[in-house]
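Following our numbering from start to finish, the sequence shown increments by one per residue and tops out at 172.
Okay, so here's the structure we're looking at.
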Amino acid sequence: LVKGQVYSLWGALVLIFLLMLLLWRSAGSALLCMIPNISPVLLIFIVMGVFGLWLDMGTAMIASVAVGIAVDDTIHVYHGYISRKHAGVRPVQALARTFSQAGRAVVTTTIILSAQFMILVTSLFQPTTHFGLLTSIGLWAALVFDLLLLPAIIILSATIRTGFSRSKLA
């Protein structure tokens, strides 16, 4: 089960990277977008380890669901940023405008999906309970990483590219 989960997760991450590479036409952008997509999965496995939850049939699917939702959120945020950036908007303003539109959609989606997965916590079947709780945690982690980590990485990379000049960012 663990071996299959590892192969499946790596396969999904490689495929997501290739699709982002095709979408953004930039290896740097694809790599940048992979960071907030991998982070929720790592957090879920850390939570499982801390609370002694074993990888079983219910918890084995969590990484795939978390990555799928994280990718969706990342595409919304990064696409909004890139389109505004290509239109000539400065990085900080591009992120602010992206948050005013895509940010709302990403938060709303997370609230709705998380509430639906939390219903599974009422199950008497332990793997289903763990699946619901951990998937909900993964969804919120994906939201936090996409709304906090991704913009921080974007601004950091924009700062490095522009030679640490504040006036070019704001």
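Cβ atoms here follow ideal geometry from the backbone N, Cα and C, with glycine treated the same way.
Check, Outcome
"Own chain partners of Pro153 with C-beta closer than 7 Å, once the 5 adjacent residues on each side are dropped", "Leu97"
"Distance, Ser116 Cα to Leu141 Cα", "7 Å"
"Span separating the alpha-carbon of Leu158 from that of Pro38", "15 Å"
"Which of helix, strand or coil DSSP assigns to Ser125", "coil"
"Own chain partners of Ala29 with C-beta closer than 7 Å, once the 5 adjacent residues on each side are dropped", "Leu23"
"Neighbourhood of His78 by C-beta distance below 7 Å, restricted to the same chain and skipping five residues each side", "Ala104, Ala107 and Val108"
"From Ile18, Ala14 and Val49, residue whose alpha carbon lies closest to that of Ser138", "Val49"
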